[in-house]
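When we follow the working numbering, the leftmost residue of the sequence shown carries the number 1, and every step to the right adds one. Backbone N, C-alpha and C define an ideal beta-carbon position, used for all residues, glycine too. Reading through the structure tokens given below for one structure.
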Amino acid sequence: MIKYRIPNQTKIEVDDEIYLDQPDRKDKQNLILYLTDREIYNNTLRLPYPYTAKDADWWIKFVEDNKKKTGLLLNYAIRNREKQLMGGISYHLRYGLSSHKDEIGYWLARRYWNKGIMTKIVRRFCAYGFDSLNLTRIEATVFVNNAASCRVLEKCGFEFEGLLKKYYLKDGEFIDVRLYSVTK
Numbered sequence: 001m002i003k004y005r006i007p008n009q010t011k012i013e014v015d016d017e018i019y020l021d022q023p024d025r026k027d028k029q030n031l032i033l034y035l036t037d038r039e040i041y042n043n044t045l046r047l048p049y050p051y052t053a054k055d056a057d058w059w060i061k062f063v064e065d066n067k068k069k070t071g072l073l074l075n076y077a078i079r080n081r082e083k084q085l086m087g088g089i090s091y092h093l094r095y096g097l098s099s100h101k102d103e104i105g106y107w108l109a110r111r112y113w114n115k116g117i118m119t120k121i122v123r124r125f126c127a128y129g130f131d132s133l134n135l136t137r138i139e140a141t142v143f144v145n146n147a148a149s150c151r152v153l154e155k156c157g158f159e160f161e162g163l164l165k166k167y168y169l170k171d172g173e174f175i176d177v178r179l180y181s182v183t184k
């Protein structure tokens, strides 16, 4: 059985301008503002639309409860040096705590798009997964129409493994996804 090595790392430095830490109540208004963007909703699986205060409260509580249950912070807020929320990134525990592999998911507020920010974050988050969580494989599924996210993953060394047809069901429609992975 493989065990995660460093529990409860609550802050991950990405570079001099960006870091990851636990989402909390002070993020509520920005969560609502950013996640009510229809394009973010269209490219993510589980976010509700429109995103409400109740949704933000649920998410913040879910992160805290999940951290207590697993002993690990797996859902991070992306922040700039001014401590402002910019987005989010998570490990999904898709295969359980003892697995050598996991899946990531992420989103970034529109105002930060096309600046290379998410590429730096995904690269650092994967290094954290390999070095601190003892992962040897990290996966990501991307909706076929989300070319920007595919480019981010490819820049981070992820390889396209295949097209998964009708893999997800969202809003009553089946969605094809591209499966990517990177290994240690």
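Let me know if Gly116 comes out buried or exposed under the rule of 16 or more other beta-carbons within 10 Å of its beta-carbon.
-> That one is exposed.
Thinking C-alpha only, which one of Gly96, Ser90, Lys101 is nearest Trp107?
-> Ser90
Ignore the nearest five residues each way along the sequence and tell me which others in Leu153's own chain have a CB closer than 6 Å to its CB.
-> Ala140, Tyr180
Got a sec: does the ligand MN put a non-hydrogen atom nearer than 7 Å to the Cβ of Ile12?
-> Annotation note on the ligand MN: not contained in the displayed structure, which lists no ligands.
Cut-off 7 Å between Cβ atoms - residues of its own chain near Ala109, not counting five sequence neighbours on either side | Tyr34, Met86, Gly87
Counting Cβ pairs, one atom from each stretch, are 3 or more of them under 8 Å apart for the segment 16 to 33 and the segment 70 to 87?
-> In this structure the segment 16 to 33 touches the segment 70 to 87; the number of beta carbon pairs closer than 8 Å is three or more.
Just checking, does the segment 62 to 71 make contact with the segment 158 to 176 on the three C-beta pairs under 8 Å criterion?
-> no
Under a Cβ-count criterion, where at least 16 other Cβ atoms within 10 Å of its own Cβ denotes burial, should Trp59 be classed as buried or exposed?
-> buried
Can you list the beta strand (DSSP E) stretches of 3 or more residues lying completely in the segment 150 to 174, in chain order?
-> 159 to 170
Applying the criterion that 16 or more other CB atoms from any shown protein chain within 10 Å of the CB defines a buried residue, is Leu169 buried or exposed?
-> With fewer than 16 other beta carbons inside 10 angstroms of its own, Leu169 counts as exposed.
With Thr59 as the anchor, note down where its beta strand (DSSP E) starts and where it stops.
-> Before going on, a small fix: residue 59 reads as Trp here, not Thr. Looking at the DSSP string, Trp59 is not in any beta strand (DSSP E); the run it does join, the alpha helix (DSSP H), is 53 to 70.
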